[in-house]
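Note sheet for the following structure.
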Amino acid sequence: MATKVTPRSEDYSRWYTDVVQMGDLADYAPVKGCMVIKPHGYALWENVKAGLDRRFKATGHVNAYFPLFIPLSFIQKEAAHVEGFSPELAIVTIGGGKQLEEPLVVRPTSETVIGHMYAKWIQSYRDLPVLINQWANVVRWEMRTRLFLRTMEFLWQEGHTAHATAEEAQEETLRMLNVYAEFAVEDAAIPVIAGRKSESERFAGAVTSYSIEAMMGDCKALQSGTSHFLGQNFARAFDIKYLDENNELQHVWTTSWGLSTRMVGAIVMVHGDDQGLVLPPKLAPVQLIIVPIWKSDSERAQVLEVVARVEATLRDEVRVHVDDRDEYSPGWKFNEWELRGVPLRLEIGPRDVERDQVTLARRDVPGREGKSGVPLSGLGEEVQEMLATIQADLYRRALDFLQANTYDPKDYAEFREAVSRGFAYSWWCGDADCEARIKEDTRATTRCVPLDQEPGRGKCIACGKDAVERAIFGRAY
RNA sequence: CGGGGCGUGGCGCAGCUUGGCUAGCGCGCUACAAUGGGGUUGUAGAGGUCCCGGGUUCAAAUCCCGGCGCCCCGACCA
């Protein structure tokens, strides 16, 4: 393996794959388009899972598991759904050496099987709402793949809920969108724009799709989580009905929402630098790496004794790891843990032992700045504070970057310039033709219509007609 | 599916144009010694179907034909 990542400014895409691989997150698998998530990457994903799962439970959801194989006919029951997903299905036609009577689809998403089961389970308004989430893998036969951002198989969670009324389902859709936004901001330190997708960008089978959009380090957009209001489309296709209070048969209203391992790619691209990964403390598998330093065996024993004490005091509050390998020099270890994105490093050497202090270095602050002699007493509080500061600073920096690269172009010429460099936040008449023209012209698409915007009127940036909403435009992954 | 690049010890590559000694370099790996506060040296080692198949030739990593695979860039997509 090379010893240094390709500089970000030189070749962003190579920088990304370098950081993912050298940061020990993932590796290419023998099957094209598939990847192996290595322990460090998986630990990061586990923390993403934990942060989301906690929020799902807090909003009344429960986990369940539905099968990987779905009868092909299920996918075909909802017209828009089949049209959207057909091109990327993996289909099993042989099982146990025999041709199957009906081919099985490897799930690309589970609306259909879950809809089928909901039809069985839901009889009465008393059965509603159903608030189920599943953690699973899905397969989509993608033409072009990229580690974490788009792989043939990926891990995600998909929530599927059924409600008695449209209002309730809509509320749920937005509630989960907000859960994603909150997670992104608070845990991943990634600022996001929550908004409604345009018709052309909407999920196959949805009435309305929403997403959180984030800006990567190259100013391109990454859809980082989606929430869909499915109306009664799947309820009708799968005959999910309930008897209401007036003894009348009604179709339920459903939602679905998902967030995938793509989020790991977002974390890499938003926070990483030329030294490698930079992980937000709340999600970092290791928050504090302790590197003991010694010259002789006697020093080694002395230092390690203090290290053991320090580790014991921090262990309960901080995810801490001691790198006491004898075969690597301290400098080597510094680089290694920087590549892996550990937010805070603690060095203890003979000099520190003598003075009852340690040295702390922040991953997000370049060079040797951020290092300081920190007394052993009160170290726990100091570490906690620094981790909190790093978390806050990472968010602040990402937010500044997003704002600095979001433009409000005055005319179409400025608009073209804006979307070649970042996001444009512009009036849009809502017409798909304008969207299509912009895409052809600039390669930028509507990312979303932000929910949080002042009501007002303006002129569509593309056609000049009256517009009542502004959209975020940008090039996307 | 279109465009580009690449396939040579574990990893990164050179060698190929102009065929020819025993296929080389860096990193990593093993052993020993010194070193240790920003990728530390030295010495000695281990490790190769040169992607696969065919052809040309006295001789192929190198030339010719065919295949396979991967990465990157576009269209499709979380």
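Going by the working numbering, 68 is the number at position 78 of the first sequence; the sequence numbering is gapless.
Every residue, glycine too, gets a C-beta built ideally from N, C-alpha and C.
Nonlocal neighbours in the same chain, by C-beta distance under 6 Å from residue i, ignoring five residues either side
i	result
Ala227	Lys67, Glu68
Leu441	Ala184, Gly185
Tyr385	Ala179
Pro320	Val281, Ile283
Arg406	Thr432
Beta-carbon proximity list for residue i, same chain, < 7 Å, skipping 5 on both sides
i	result
Ala196	His218, Phe219, Leu220
Glu328	Gln265, Gly266, Arg353
Leu121	Gly50, His51, Val52, Thr151
Glu301	Ile280, Val310, Val312
Cys209	Asn395, Arg411, Gly412
Ala194	Ala70, His71, Glu73, Gly74, Phe75
Through-space distance from residue j to residue i, alpha-carbon basis
i	j	result
Leu164	Tyr200	8 Å
Asp234	Tyr467	44 Å
Leu468	Gly368	Since the displayed the chain opens at -9 and closes at 467, residue 468 lies outside it and no answer follows.
Met376	Ala382	10 Å
Arg387	Asn395	12 Å
Lys110	Asp229	9 Å
Met166	Trp247	7 Å
Leu42	Glu371	27 Å
Val129	Ala54	19 Å
Leu392	Val95	40 Å
Gly446	Arg437	20 Å
Thr216	Pro98	15 Å
Ser286	Trp146	49 Å
Lys28	Asp17	7 Å
Trp5	Met206	13 Å
Phe64	Gln124	19 Å
Val103	Ile60	6 Å
Thr435	Leu58	33 Å
Leu366	Ile338	11 Å
Assigned secondary structure, residue i (DSSP; H/G/I helix, E/B strand, else coil)
i	result
Val355	coil
Lys429	helix
Glu444	coil
Lys449	strand
Thr163	helix
Gln89	strand
Pro77	helix
Glu344	helix
Pro61	strand
Ile230	coil
Asp17	strand
Leu369	helix
Cys24	coil
Ser(-1)	coil
Val52	strand
Gly420	coil
Val308	coil
Arg406	helix
Gln277	coil
Ala(-8)	Since pLDDT at Ala(-8) reaches only 46, below the 50 mark, its modelled position is unreliable, and no value is offered.
Ala466	strand
Val242	coil
Asp383	helix
Ala468	The structure shown does not extend to residue 468, since the chain is modelled only from -9 to 467, so the question has no answer here.
Asp263	strand
Arg480	No information on residue 480 is available, as it lies outside the stretch -9 to 467 that the chain covers here.
Which residues DSSP lists as bridging residue i, in chain order
i	result
Glu143	Val129
Cys209	Answer by DSSP bridge pairing: none, since Cys209 is not bridged.
Pro282	Ile338
Tyr397	Ala414
Leu249	Gln147
Asp456	Lys449
Arg186	Tyr200, Val439
Ile84	Gln89
Gly152	Strictly speaking, residue 152 in this sequence is Ala, with Gly absent from that position. The partner list for Ala152 (beta bridge, DSSP) reads Val120, Thr244.
Ser114	Leu233
Cβ-based neighbour list, residue i, same chain, cut-off 8 Å, excluding 5 preceding and 5 following
i	result
Leu34	Leu15, Val254, Ile257, Leu269, Leu273, Ala274, Pro275
Ile84	Leu90
Lys449	Trp417, Lys455, Asp456, Ala457
Ser214	Tyr170, Ala174, Ile180, Val182, Ser201, Ile202, Glu203, Ala204, Leu249, Arg252, Met253, Ala256
Met259	Tyr6, Met206, Gly207, Asp208, Leu212
Inset, instruction - Inspect the CB distances between the segment 234 to 241 and the segment 175 to 192 and report whether three or more fall short of 8 Å. - result: no
Inset, instruction - Please confirm if the segment 145 to 164 is in contact with the segment 276 to 293, defined as three or more CB-CB distances below 8 Å between the two stretches. - result: no
Inset, instruction - Examine the Cβ distances between the segment 419 to 427 and the segment 455 to 464 and report whether three or more of them are shorter than 8 Å. - result: Segments in contact, yes.
Legend entry - Meets three-Cβ-pair contact criterion under 8 Å: the segment 112 to 131 and the segment -7 to 1: Two segments are said to touch when three or more pairs of C-beta atoms, one from each, lie closer than 8 Å; by this definition the segment 112 to 131 does not touch the segment -7 to 1.
Inset, instruction - Could you say if the segment 329 to 336 and the segment 8 to 25 meet the contact criterion of at least three C-beta pairs nearer than 8 Å? - result: yes
Legend entry - Three-pair Cβ contact test at 8 Å for the segment 16 to 24 versus the segment 134 to 143: yes
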